[in-house]
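With the first letter of the sequence shown counted as 1, position 3 gets the number 157 in our numbering; the numbers rise by one all the way through.
Even glycine gets a Cβ: it sits at the ideal position worked out from N, Cα and C.
Every value quoted in this text rests on a predicted model; they were computed, and no experiment measured them.
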Amino acid sequence: MSNELIAKINELKDKRGAVILAHNYQLPEVQDIADFTGDSLELSRKAASIEAGVIVFCGVHFMAETAKILSPDKTVLIPDPTAGCPMADMINADGLREFKAKHPGVPVVAYVNTTAEVKAESAICCTSSNAVRVVESIDSDTVLFVPDKSLAAYVASKVSKKVIPYCGFCPTHHRILAQDVLKTKREHPQAVIIAHPECTLDVIKLADGVESTSGMLKYVKNSEAKEFIVCTERGLLHRLTLDNPDKLFYNPSPLNICPNMKKITLEKVMWSLEDIKYEIQLSAEIIDKARHAIEGMIAIRPG
Ligand code: 13P
Ligand code: SF4
């Protein structure tokens, strides 16, 4: 069945002139049919530069929205419109306006895991791979950072500015407990610990490397080590294992699954191409207001 589905997806992709982008947490079979996989920043850059008229975005809603903001003339499809990000939903435009009112004049850095409305109210965006550089680039001693308090705390530990966090967090990364990481380390004492900055500070403190999802892929490739404890959503293990057949990867938690990322299936990708669904729709006003924050981030040099 899977081979037939893949053949059908490829046929429809040609017919529609579409490109499939997939985040590093997607189901293995979805990553395997994508034209391009990556972290949030890489996918944003790709969406901005792509020539195809149709983008099928296999990820969560804010990622597809970001692609639409950067390519407003393209048709951007998400195969399951209910694939949201609970952290992005922890702040809306009203909540951000209230937060800003408590700290008048302080610029807002919005993690890309936010809705377009929140980006439209922010000075600049960042992803986990460039958050430190983005905050350093701002001409202010103090910044507001929304919505992720864990990424905010990690950034605050790396810069000399005051970072005022909002109270959001990623439920998937917060389920990775320091005690589970320590237990895994006791079982595999020679393993290097790598962590995503959405993890709690307790987990971050145990990590040898703190990276975005694609940052972890590069870290492992460049490392002499042979064993790794991977503190992020378990979808990343697919690429890690494919790219590094000589290395071993340990998952520290039974709970590190993002259910929204797993909503995109091969069937839904096929239906998406067949029916041209579900199209990301944003008003021209929101696109205009949100674009400056994303473009400001993209203009900052890669690390
Ligand atoms: P990356 O940008 O590191 O891929 O992270 C996106 C995300 O949603 C992590 O939970
Ligand atoms: Fe959102 Fe966390 Fe899922 Fe990433 S892993 S999409 S931050 S809920």
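Apart from the 5 residues on each side of it in sequence, T386 sits with its Cβ closer than 6 Å to the Cβ of H350 in its chain, given in chain order. In terms of side-chain proximity, the C-beta atom of C321 is found no nearer than 7 Å to any non-hydrogen atom of ligand 2. Within 7 Å of the C-beta of H327 there is at least one heavy atom belonging to ligand 2. Counted as a single uninterrupted DSSP element, the stretch harbouring Y320 is not any beta strand (DSSP E), since DSSP gives it neither H nor E. Distance from the C-beta of S426 to the nearest heavy atom of ligand 1 is not below 7 Å.
When the Cα atoms are used, I418 and I160 turn out to be separated by approximately 14 Å. At the C-beta level, I232 and V263 stay beyond 8 Å of one another.
If you draw a 10 Å sphere on the C-beta of D295, you find fewer than 16 other C-beta atoms in it, and that means exposed. Beta-bridge annotation (DSSP): C385 is paired with A349.
Rounded to whole angstroms, the gap between the alpha carbons of H257 and L436 is 29 Å. It is roughly 36 Å from the alpha-carbon of K162 to the alpha-carbon of S407.
Here H446 carries a helix assignment [DSSP, helix/strand/coil]. Cα atoms of K169 and K315: separation of roughly 51 Å, rounded to the nearest angstrom.
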